[in-house]
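Below is one structure, written out as structure tokens; comments come after it.
There are 2 protein chains.
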Amino acid sequence: MGFYPNTLDVLIEKFASLPGIGKKSAQRLAFYVLTMNYEEAENFANAIMQAKRNIRRCKICQNLSEDDICPICASDTRDKEIICVVSEPKDVFSIEKSHEYKGVYHVLHGVLSPANRIGPGDIKIQELIDRVNNGSVKEIIMATNPDTEGETTALYISRLLKPYGMKITRLAYGVPVGSNLEFTDEATLTRALEGRIEI
Amino acid sequence: MGFYPNTLDVLIEKFASLPGIGKKSAQRLAFYVLTMNYEEAENFANAIMQAKRNIRRCKICQNLSEDDICPICASDTRDKEIICVVSEPKDVFSIEKSHEYKGVYHVLHGVLSPANRIGPGDIKIQELIDRVNNGSVKEIIMATNPDTEGETTALYISRLLKPYGMKITRLAYGVPVGSNLEFTDEATLTRALEGRIEI
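Line by line, the protein sequences are chains F and E. Numbering follows the working numbering, with no gaps: position 46 of the first sequence is 48. Numbering follows the working numbering, with no gaps: position 176 of the second sequence is 178.
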């Protein structure tokens with residue numbers, strides 16, 4: 003660009019490199035930083051470094067954690083015999099919000115995707131196998147996203163785990179609570195009919 | 003939220019406090035920071051502090067600058083007798099991109115806005131009067147935005163400057179180059195007709 007002072011150009015460039023932030027938004031954010039007082043700007047910069055420094059992956063479930071073992075894996079009240087497998091850390095937080103699940107998790111950090119050249123070695127599948135080998139796991143709940151890549155990943159892992167003989171389940175498909183049949187797609191309705199339950 | 007590790011919560015909160023960044027985007031950005039390597043994260047944090055530390059306002063035109071006097075005000079080739087008054091620093095950069103203007107600027111850092119309680123003392127009007135008092139200014143070009151607040155600000159300042167007797171002009175209104183009359187609003191067309199020029 004060259005019309006902005008150099009340090010401002012650099013900051014705009016950094017914001018523009020973030021996902022979903024275009025050039026105009028990056029400029030707006032950079033200008034906003036200049037309007038912060040010194041302490042606010044320092045807090046923002048520190049928050050970036052603190053998160054980067056303090057957050058690691060739980061040695062057991064691979065979820066984001068400030069400790070070597072995350073609070074869920076370290077808890078006495080969680081059932082270690084049930085492992086819910088998700089693709090991303092944010093999925094753990096979504097499921098936790100339901101306050102329904104009492105087992106533990108395993109975060110794959112991705113899904114199998116031939117198109118993006120992501121194979122079994124690129125996500126945390128071996129770490130799951132190791133857990134199954136070392137512990138007494140009774141059930142694996144596959145909770146990857148209900149899209150093609152999520153399904154493929156769930157299928158691939160369930161085949162790998164089959165020889166171990168534990169129960170392997172998948173989240174139920176169906177119409178979302180509070181939704182409207184009129185606006186539900188056919189594939190979902192088909193799955194909802196197939197999975198119908200007696201009342 | 004409480005489901006995320008604390009330092010991650012803090013970072014999400016910082017991103018969410020930026021203008022135009024909602025909760026979901028803030029989460030996405032915070033997760034992205036965690037995927038950066040340490041050096042990238044450090045560069046991002048440093049860019050924030052460097053911009054905040056190094057960028058000040060030019061003592062003459064109030065535009066953003068890394069020096070006490072900005073490159074435009076310091077330049078020998080710019081005509082100091084013409085001052086283009088804009089509301090924000092980004093407007094200077096927009097006009098500079100046209101490579102047409104050879105005068106200098108004055109950045110108000112805002113517009114008069116009774117609704118937002120922004121009065122003449124809250125924007126850099128006195129600094130403009132001081133420049134007019136101290137220099138030999140022949141023309142003031144009012145280039146605030148063509149909206150109600152921009153117009154009001156331009157009118158207010160032009161009345162203040164009237165006694166000094168220099169030429170006071172306003173950017174021309176009209177149909178944008180490359181646009182289509184069919185999609186031009188009536189107010190713009192009215193102004194374009196009023197301002198018609200002989201060919």
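Idealized CB from N, CA, C, for every residue including glycine. Computed from a predicted structure; not experimentally measured.
Check                                                                                                                                                                                                      : Outcome
Determine the burial state of methionine 3 of chain F: buried for a count of at least 16 other Cβ atoms within 10 Å of its Cβ, exposed for fewer.                                                          : Any reading at methionine 3 of chain F must be qualified, since the residue scores a pLDDT of 42, below 50, and its modelled position is unreliable; no value is offered.
Taking just the CA atoms, how far does cysteine 72 of chain E sit from cysteine 60 of chain E?                                                                                                             : 5 angstroms
Look up methionine 144 of chain F in the DSSP assignment and say whether it is helix, strand or coil.                                                                                                      : strand
Is any heavy atom in the ligand SAM found nearer than 7 angstroms to the beta carbon of valine 106 of chain E?                                                                                             : With respect to the ligand SAM, the structure shown offers nothing to examine, as it has no ligands at all.
By Cβ distance below 8 angstroms, which residues in the same chain neighbour alanine 194 of chain E in space, the five residues on each side in sequence not counted?                                      : Tyr175, Gly176, Val177, Thr186
Could you name the residues of chain F that glutamine 52 of chain E contacts, counting a contact when the two beta carbons are closer than 8 angstroms?                                                    : Thr9, Val12, Leu13
Could you spell out where the alpha helix (DSSP H) holding glutamate 196 of chain E opens and where it closes?                                                                                             : 188-196
Where does proline 21 of chain E land, buried or exposed, given buried means 16+ other C-beta within 10 angstroms?                                                                                         : exposed
Can you confirm whether leucine 110 of chain E, when its beta carbon is compared against all beta carbons of chain F, has any partner nearer than 8 angstroms?                                             : no
Taking 8 angstroms as the CB-CB limit, is lysine 126 of chain F close to chain C?                                                                                                                          : Given the protein chain composition of this structure (F and E), no chain C is represented.
Which residue marks the beginning of the beta strand (DSSP E) containing aspartate 149 of chain E, and which one marks its end?                                                                            : Aspartate 149 of chain E -> no beta strand (DSSP E), and no H or E assigned at all.
Is serine 96 of chain F buried or exposed, if buried means 16 or more other CB atoms sit within 10 Å of its CB?                                                                                            : exposed
If you drop the 5 nearest sequence neighbours on each side, which residues of the same chain put their C-beta closer than 8 angstroms to that of alanine 76 of chain F?                                    : Asp69
Suppose you measure from the CA of glycine 167 of chain F to the CA of asparagine 65 of chain F; what does that come to, to the nearest Å?                                                                 : 25 angstroms
Residues of chain F with CB under 7 angstroms from serine 89 of chain E, in chain order?                                                                                                                   : Under the 7 angstroms cutoff, chain F gives no residues; its nearest Cβ is about 13 angstroms from serine 89 of chain E.
Kindly list the residues whose CB is nearer than 6 angstroms to the CB of valine 134 of chain E, restricted to its own chain and excluding five residues on each side of it in sequence; keep chain order. : Tyr166
With DSSP collapsed to three states, give me the class of isoleucine 199 of chain E.                                                                                                                       : coil
Could you tell me whether the Cβ of glycine 22 of chain F comes closer than 8 angstroms to any Cβ of chain E?                                                                                              : yes
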